[in-house]
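S.K.: Can you read through this structure? Questions will come right after.
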Amino acid sequence: MGVGTEAVVEATVDFYSNRGDYQLVIADHWPLGTSDRQAQREQLATTLAVERLWLFNANCEQSVPPFPTRVGVITLSAGSAVEEFCVTVTGRSPQTTVSLHPESVQGEGVVSAVVTSVHALDADPTIEMIVINRGGSTA
């Protein structure tokens, strides 16, 4: 960032009562209008592109629908991942239907299996969003 750039900072304030001084200790910063999450996403995209693990094309990116009515989920058909996902979706968005596409999401052959599942869900015009869910919580 250059001089005069407006920024958002994550900081703590130290106050020295005996002197009446204070100090701003900045832990992180980013340009105003850019979120921390966006910066992390851009860094991850750059890393994955360099490692040729992800080919991102901003021209093909679609926005996330605010209130999807049908979500396709790629995950194991049994276990905490699918259960927690469905409970969360039902609780937060009762109008949303989850369409499960059971698939192993780790181990050998996972990439081609998940890509096949993504293509299958993408071919369904009623699916508004696709989620690849690897696991539930550890709690």
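Start counting the sequence shown at 9; every next residue gets the next number (the numbering used here).
Heads up, the beta-carbon is just placed ideally off N, CA and C, and yes, glycines get one too.
Put E14 into one of helix, strand or coil per three-state DSSP.
M.R.: coil
S.K.: Within this structure, are the beta carbons of V113 and T83 separated by less than 8 Å?
M.R.: yes
S.K.: Extract the residue ranges of the beta strand (DSSP E) inside the stretch 19-100, only unbroken runs of 3 or more that lie entirely within it.
M.R.: Here the runs fully enclosed are 29-39 and 78-83.
S.K.: Less than 8 Å between the beta carbons of V79 and V139, yes or no?
M.R.: Cβ atoms of V79 and V139: closer than 8 Å.
S.K.: Can you check DSSP and say which residues form a bridge with M137?
M.R.: V79
S.K.: Per the contact definition of three or more C-beta pairs closer than 8 Å, is the stretch 89-99 in contact with the stretch 29-48?
M.R.: no
S.K.: Report the three-state DSSP secondary structure of T124 (helix, strand or coil).
M.R.: helix
S.K.: Have a look at T146 and A86 and give me their C-alpha separation to the nearest angstrom.
M.R.: Its pLDDT being 48, under 50, T146 is placed unreliably in this model, and the value from its coordinates should be taken loosely. Using only the alpha carbons, I get a separation of about 16 Å.
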